[in-house]
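There are 2 protein chains.
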Amino acid sequence: MTAPSPQVLLVEDEPQMRRFLRVALEGAGYRYLEAATGQEGLNLAAQHRPQVILLDLGLPDMDGLDVMAHLREWCQAPVIVISARGQEADKVKALDFGADDYLTKPFGTSELLARIRVALRHADPGAAEEPVFTLGRWRVDLAKRQVLVDGQEVHLTPLEYKLFITLIRHAGKVVTHRQLLKEVWGGVAGAQPLYLRVYMTQLRHKLELEPSRPTYLQTEPGVGYRLRTEE
Amino acid sequence: MTAPSPQVLLVEDEPQMRRFLRVALEGAGYRYLEAATGQEGLNLAAQHRPQVILLDLGLPDMDGLDVMAHLREWCQAPVIVISARGQEADKVKALDFGADDYLTKPFGTSELLARIRVALRHADPGAAEEPVFTLGRWRVDLAKRQVLVDGQEVHLTPLEYKLFITLIRHAGKVVTHRQLLKEVWGGVAGAQPLYLRVYMTQLRHKLELEPSRPTYLQTEPGVGYRLRTEE
DNA sequence: CTGAGTCCTAACAACGTCTTAACGCCCGCC
DNA sequence: GGCGGGCGTTAAGACGTTGTTAGGACTCAG
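Residue numbers (this note's numbering), protein chains in the order written: chain A, 144 to 374; chain B, 144 to 374.
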């Protein structure tokens, strides 16, 4: 249930700096894009919509502040400026042009990463989507660990819930007995095929309209079970 | 209708620095508040809800990071840390604790003002949030650290309160035992699952109508606890 | 030193969950 | 038509988890 790792765009012309930052960013688990010119940076930003942009002001083709001005016309992603120039006037200009932070070279990897985390935190509030699975009269909120049937909350025990979301993960497909036992009971020993029958019964009673004539929690005789999805 | 000029809270003990910043901030047209200690800073923040907070880490009464931790329990206002310590590790720690920016002394007035403008830009969209949580007969003022039940103030001990607002922060979602212990007790060792049971009992006695039949502070057996929200 | 307040710990009671077993049903096969 | 295997259903006991209470250790202020 982990979100895909955030994508960072680096706009920087010096190869040495690029290498250094690539290592730092990929090491921290970010997806990584790079551009050597302002124009290329703008193109990549438009194409990939990165969550954070690192922008060097000293680019060969256009002024860094112009890049930012263009970016800001349509893009809200936080921009962290990276520059060799530490003059206060430069910082003020960049920040007032829309930069969210300004780092003067040389700087340490861990500070950069911390400032990227701050930038992501700012961008986050809009990006917090809840993973919810709906099917027929059911509504399963994976984040809240809550199951609703016709808007009514239904309580599932830990094993019931685990079995249920295992079927949801493979919704539509048949899941074999063996696979279910492994994923829910964790590969421990025992006369376990019986467990499945017991727990499927319980699930059907809690979730199905007619437990004896299940609409969704279907048996695949001799193979396993399957959560039917609408077609 | 012109918005009133933003209010800035400065938490700083050195008189000289205070004088310097007062001139800078008032000169820039901000309304201005100052506190010489962490405690005073927290009180002023709760009373006045400033748009930006400037926080010196070297305070006489408490650690600057503790001030931030307390602040962040209820307050989303951007915090710009001002510190004499320029070590990278200090910066990273402060930023990860919730600071939005970190300035090392000495710094120029215009850079500070530019960074305040950035902070205000960030704060603007979601600025209208009241740090008050209400649910059923409860009313929790996160800024004042005050809990009312049917308008009656109820006293919670520090740990009770921390546990309670942790559940509030994840309202509706199940919070696992492990997560609660980590967030409330801070990952220290011990036979801790018991703590949760004891403190949940106490919370229920102070907050629920029928402590033995809790309406909101619900147990999710085998998993954790959850603050039920109306649906 | 005393008292108030808070936190941790231990013991026991109460509860929910998991496992297990027994039985009934349906269906295909001999 | 009888038999057996796979599946569904139910209930009951074992087991672990959770709720509750009370007492002792500790800190802090007066």
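By construction, the Cβ of each residue, glycine as well, lies at the ideal position given by its N, Cα and C atoms.
Put threonine 277 of chain B into one of helix, strand or coil per three-state DSSP.
Under the three-state reduction of DSSP, threonine 277 of chain B is assigned to strand.
According to DSSP, is tyrosine 304 of chain B helix, strand or coil?
In this structure, tyrosine 304 of chain B counts as helix in the three-state DSSP scheme.
Where valine 327 of chain A and glycine 294 of chain A are concerned, what is the direct C-alpha to C-alpha distance, given to the nearest angstrom?
Across the structure, valine 327 of chain A and glycine 294 of chain A are spaced so that their CA atoms are roughly 26 angstroms apart.
Can you name the residues of chain A whose CB is closer than 7 angstroms to the CB of glutamate 441 of chain B?
Not covered by the structure: residue 441 of chain B. The range shown for chain B is 144 to 374.
Name, in chain order, the residues that DSSP records as bridge partners for threonine 319 of chain B.
In the DSSP output, where bridge partners are listed per residue, threonine 319 of chain B has B:Gly367.
When Cβ atoms are compared, which residues of the stretch 285 to 300 of chain A fall closer than 9 angstroms to chain B?
If the cut-off is 9 angstroms between Cβ atoms, the stretch 285 to 300 of chain A has Ala286, Lys287, Arg288, Gln289, Leu291, Gly294, Glu296, His298, Thr300 near chain B.
Return the first residue and the last residue of the alpha helix (DSSP H) that threonine 252 of chain A is part of.
Element bounds for threonine 252 of chain A: 252 to 266.
C-alpha gap between leucine 350 of chain B and leucine 306 of chain A, whole angstroms:
Cα to Cα, leucine 350 of chain B sits roughly 35 angstroms from leucine 306 of chain A.
Residues near cysteine 218 of chain A in its chain [Cβ-Cβ closer than 7 angstroms; skip 5 each side]:
The residues are Ala188.
Spatial distance of methionine 144 of chain A from leucine 310 of chain B (CA atoms)
Because methionine 144 of chain A sits at a pLDDT of 45, beneath the cut-off of 50, its placement in the model cannot be relied upon, and the following sentence gives the value as read from the coordinates. Cα-Cα distance, rounded: 21 angstroms.
Proximity below 8 angstroms, CB of glutamine 375 of chain B to CB of leucine 176 of chain B
In the structure as shown, chain B starts at 144 and stops at 374, and residue 375 of chain B therefore has no counterpart that could be examined.
Do you know offhand how far glutamine 361 of chain B's Cα is from alanine 314 of chain B's?
Roughly 11 angstroms between the two C-alpha positions.
At a Cβ threshold of 8 angstroms, is lysine 248 of chain A touching chain B?
Interface annotation, lysine 248 of chain A: not in contact with chain B, CB-CB separation never under 8 angstroms.
Counting beta carbon pairs with one atom in the stretch 255 to 269 of chain B and one in the stretch 213 to 233 of chain B, are three or more of them shorter than 8 angstroms?
With a cut-off of 8 angstroms, the stretch 255 to 269 of chain B and the stretch 213 to 233 of chain B count as touching, because enough Cβ pairs lie within range.
Could you check which residue in A:Phe250, A:Arg228, A:Tyr368 has the C-alpha nearest to that of phenylalanine 163 of chain A?
Out of A:Phe250, A:Arg228, A:Tyr368, A:Phe250 has the C-alpha closest to the C-alpha of phenylalanine 163 of chain A.
Alpha-carbon to alpha-carbon, alanine 167 of chain A and glutamate 155 of chain A
Whole-angstrom Cα-Cα distance: 15 angstroms.
What's the call for arginine 207 of chain B, buried or exposed, on a 16-neighbour Cβ count within 10 Å?
First, the residue type needs correcting, since residue 207 of chain B is glycine and not arginine in the sequence shown. So glycine 207 of chain B counts as buried.
For phenylalanine 240 of chain B, which of B:Asp209, B:Arg312, B:Pro364 has the nearest alpha-carbon?
Ranking B:Asp209, B:Arg312, B:Pro364 by CA distance to the CA of phenylalanine 240 of chain B puts B:Asp209 first.
From B:Ala232, B:Leu246, B:Ala237, pick the residue whose C-alpha is nearest to that of threonine 252 of chain A; which is it?
When only C-alpha atoms are compared, the closest one is B:Ala232.
To the nearest angstrom, report how far apart methionine 160 of chain A and histidine 191 of chain A are at their CA atoms.
Taking the straight line from one Cα to the other gives about 22 angstroms.
Going by DSSP, which residues form a beta bridge with arginine 174 of chain B?
Answer is B:Gln150, bridged to arginine 174 of chain B.
Residue closest to lysine 248 of chain B, alpha-carbon to alpha-carbon, out of B:Arg258, B:Gly229, B:Thr300, B:Gly181:
Ranking the options by Cα distance to lysine 248 of chain B, first place goes to B:Gly229.
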